[in-house]
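Chains as they are written, first to last, in this note's numbering: chain Y, 10 to 294; chain L, 73 to 388. Glycine residues also receive a C-beta, built at the ideal position from the N, C-alpha and C atoms. Reviewing the structure listed below.
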């Protein structure tokens with residue numbers, strides 16, 4: 010089965026508020042997908058449905074399973090980190106590993122101990138005695154020791170300093186990810202993860218506004234440093250955004266061919282965050 | 073099964089202080105009181121009459137009918153066991169109210185739910201902890217406390233030159249009295265099942281303070297029902313909310329008397345004046361009382377609702 014997740018016409022309402030609107034998406038095996046959207050766009054709502062933490066309307070299948078109906082079965086094959094602070098405070102590290110080993114058929118306690126031996130986390134410590142960064146390392150060590158088909162990370166590095174964040178993603182990429190696994194990440198620090206993503210999904214007001222892989226993006230979105238003499242012509246091509254830096258205009262274009270754009274100035278690859286800002290503004294106009 | 077066992081062990085890890093230390097601390101307090109009692113009586117006796125009275129009392133104890141000594145020990149053991157039942161209820165009250173709420177409050181529910189454990193298993197593990205695991209730990213705690221008390225009593229007896237083995241240890245009805253506490257815990261769990269079920273529901277459902285929901289909603293309903301009947305005088309159901317709740321709580325607070333009805337002839341039944349065996353057979357009468365089964369059905373329904381709510385509620 011190459012399709013890990015399929016959603017067709019998924020809707021979710023909280024009272025009169027439409028949190029998800031006709032979400033259609035499918036994610037294949039071996040992808041690292043960034044789910045990106047402003048606050049309140051429905052990222053967490055979508056992930057909750059995917060993880061079986063909440064119900065939704067429409068047809069949602071994760072590994073062929075209806076998540077809300079059979080969450081316990083699904084959790085044998087997928088794992089998630091929702092926030093850094095979710096490990097229970099009272100538990101000892103050794104107890105946490107033991108409990109996970111007893112309840113999770115695909116968890117390797119040796120592997121978790123090996124990961125933790127490289128950190129300052131002590132087996133006899135309680136979670137509340139660990140720093141925020143160490144708690145995140147502990148959680149990541151547990152998650153990486155689970156042989157799961159899908160890993161979902163919802164703001165996994167919130168509140169961590171830059172050193173931990175970098176290490177977190179390095180570990181994830183080097184020690185965990187392979188083509189048999191799939192990762193879905195949401196974060197506000199898009200710049201830090203864009204180099205590891207294979208796909209991006211933009212979500213806004215409960216709707217998917219972009220669902221593309223990185224190569225497609227690089228072939229259809231261009232950032233150009235426009236020279237002053239080409240300004241008028243560039244404006245005719247209807248740039249998505251214009252920024253002014255050191256007297257030069259940096260414009261973002263959506264175009265099917267690179268050739269025309271190249272005549273306007275120096276072409277660069279746009280960052281996901283710039284693209285995100287551009288697309289969010291475009292929708293508002 | 074392995075998962076369920078791990079869940080029970082998890083509850084023990086989290087609540088070891090309440091389940092294990094509480095009965096032991098009461099036992100230590102009882103023993104300390106005994107020592108203080110000895111010290112004050114001894115000083116007092118020496119001051120008043122040079123200690124002759126205590127010596128005289130110590131000598132005469134050998135001639136007391138063993139049946140009377142046994143009776144006295146039974147009174148102590150069943151009386152303290154009754155106290156343990158009462159304390160166990162309060163420990164469980166706070167345990168259950170927090171059991172499905174605390175992890176939502178601190179967000180750790182999202183970790184528990186990331187493991188392949190169904191919500192049914194989770195909720196049932198809390199119920200099994202309240203009805204089986206915690207009472208069994210209390211049984212162990214009561215036994216250890218009694219033994220500690222008897223050891224200290226033996227030392228005091230030795231100081232007076234009395235042989236503790238013939239006077240004390242040979243006269244203890246270990247099986248009957250400890251058995252009565254064990255059976256009492258079982259009957260307590262059965263009688264309080266509707267209460268536990270309601271508390272589980274409150275813990276699972278409440279967004280702010282499970283305590284308020286668990287306690288004040290029944291009180292409010294009781295008052296509304298009371299005033300409705302007082303004003304309208306049209307009570308078709310012929311049930312009182314307070315009376316119903318009161319019956320189950322009374323039986324749960326004091327399981328030793330739970331086998332009795334509320335008729336006048338049983339009012340002079342004092343459990344501490346009975347032997348362990350009599351108390352056990354009296355408690356067993358509860359199985360002939362239909363109220364027990366109504367309560368169990370209500371409890372089961374509330375547990376079912378708690379499981380249903382648990383599936384949706386991930387935060388507070």
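Since residue i is in the alpha helix (DSSP H), which residue starts that stretch and which ends it?
i: residue 21 (chain Y); result: That residue, residue 21 (chain Y), is in no alpha helix (DSSP H); its beta strand (DSSP E) goes 12-23.
i: residue 278 (chain Y); result: Run containing residue 278 (chain Y): none; DSSP gives neither H nor E here.
i: residue 363 (chain L); result: 362-384
i: residue 253 (chain L); result: 246-277
i: residue 294 (chain L); result: 282-304
i: residue 89 (chain Y); result: First-last for residue 89 (chain Y): 87-90, but that is the beta strand (DSSP E), not the alpha helix (DSSP H).
i: residue 59 (chain Y); result: 52-59
i: residue 178 (chain L); result: It is not in any alpha helix (DSSP H) - residue 178 (chain L) carries neither H nor E in the DSSP assignment.
i: residue 171 (chain L); result: 138-171
Mind checking if residue i is an interface residue toward chain L, Cβ cutoff 8 Å exclusive?
i: residue 104 (chain Y); result: yes
i: residue 82 (chain Y); result: yes
i: residue 158 (chain Y); result: no
i: residue 98 (chain Y); result: yes
i: residue 44 (chain Y); result: no
i: residue 63 (chain Y); result: yes
i: residue 143 (chain Y); result: no
Residue i versus chain Y: which residues are under 8 Å apart at the beta carbon?
i: residue 242 (chain L); result: Going along chain Y, no residue has its Cβ under 8 Å from residue 242 (chain L), so there is no contact; the nearest lies around 44 Å.
i: residue 190 (chain L); result: 80, 81
i: residue 384 (chain L); result: 63, 64
List the endpoints of the continuous beta strand (DSSP E) containing residue i.
i: residue 228 (chain Y); result: Premise fails: residue 228 (chain Y) lies in the alpha helix (DSSP H), 223-229, not in any beta strand (DSSP E).
i: residue 262 (chain Y); result: 257-263
i: residue 191 (chain Y); result: 191-195
i: residue 44 (chain Y); result: 41-45
i: residue 253 (chain Y); result: 250-254
When the distance is taken between beta carbons, is residue j closer than 8 Å to residue i?
i: residue 328 (chain L); j: residue 351 (chain L); result: yes
i: residue 21 (chain Y); j: residue 14 (chain Y); result: no
i: residue 370 (chain L); j: residue 282 (chain L); result: no
i: residue 233 (chain Y); j: residue 274 (chain Y); result: yes
i: residue 99 (chain L); j: residue 221 (chain L); result: yes
i: residue 16 (chain Y); j: residue 67 (chain Y); result: yes
i: residue 97 (chain Y); j: residue 175 (chain L); result: yes
i: residue 132 (chain Y); j: residue 161 (chain Y); result: no
i: residue 363 (chain L); j: residue 319 (chain L); result: yes
i: residue 274 (chain L); j: residue 91 (chain L); result: no
i: residue 150 (chain Y); j: residue 86 (chain Y); result: no
i: residue 240 (chain L); j: residue 217 (chain L); result: no
i: residue 195 (chain L); j: residue 78 (chain L); result: no
i: residue 142 (chain Y); j: residue 184 (chain Y); result: no
i: residue 195 (chain Y); j: residue 72 (chain Y); result: no
i: residue 272 (chain Y); j: residue 163 (chain Y); result: no
i: residue 153 (chain L); j: residue 253 (chain L); result: yes
DSSP three-state call for residue i: helix, strand or coil?
i: residue 336 (chain L); result: With a pLDDT of 46 at residue 336 (chain L), under the threshold of 50, the predicted position of this residue should be treated as unreliable, though the coordinate-derived value follows. If DSSP states are grouped into helix, strand and coil, residue 336 (chain L) belongs with the helices.
i: residue 387 (chain L); result: coil
i: residue 35 (chain Y); result: strand
i: residue 213 (chain Y); result: strand
i: residue 130 (chain Y); result: coil
i: residue 161 (chain Y); result: strand
i: residue 203 (chain Y); result: coil
i: residue 67 (chain Y); result: strand
i: residue 84 (chain Y); result: coil
i: residue 348 (chain L); result: helix
i: residue 26 (chain Y); result: strand
i: residue 77 (chain Y); result: coil
i: residue 234 (chain Y); result: strand
i: residue 205 (chain L); result: helix
I want to verify the contact list: residues of chain Y whose CB lies under 7 Å from the CB of residue i, in sequence order.
i: residue 78 (chain L); result: 108, 111, 112
i: residue 187 (chain L); result: 84, 109, 112, 113
i: residue 82 (chain L); result: 108
List, in chain order, every chain L residue whose beta-carbon is nearer than 7 Å to that of residue i.
i: residue 95 (chain Y); result: 179, 180, 182, 183
i: residue 13 (chain Y); result: Under the 7 Å cutoff, chain L gives no residues; its nearest Cβ is about 17 Å from residue 13 (chain Y).
i: residue 124 (chain Y); result: The premise fails here: residue 124 (chain Y) is roughly 17 Å from chain L at the closest Cβ pair, so nothing lies under 7 Å.
i: residue 91 (chain Y); result: 182
Is the CB of residue i under 8 Å away from at least one CB in chain Y?
i: residue 172 (chain L); result: no
i: residue 74 (chain L); result: yes
i: residue 86 (chain L); result: yes
i: residue 175 (chain L); result: yes
Can you pull the chain L neighbours of residue i, defined as C-beta to C-beta under 8 Å?
i: residue 28 (chain Y); result: Here the premise fails: no neighbours, minimum Cβ distance about 14 Å.
i: residue 262 (chain Y); result: Ordered by position in chain L, no residue passes the 8 Å Cβ test against residue 262 (chain Y), which lies about 41 Å from the chain.
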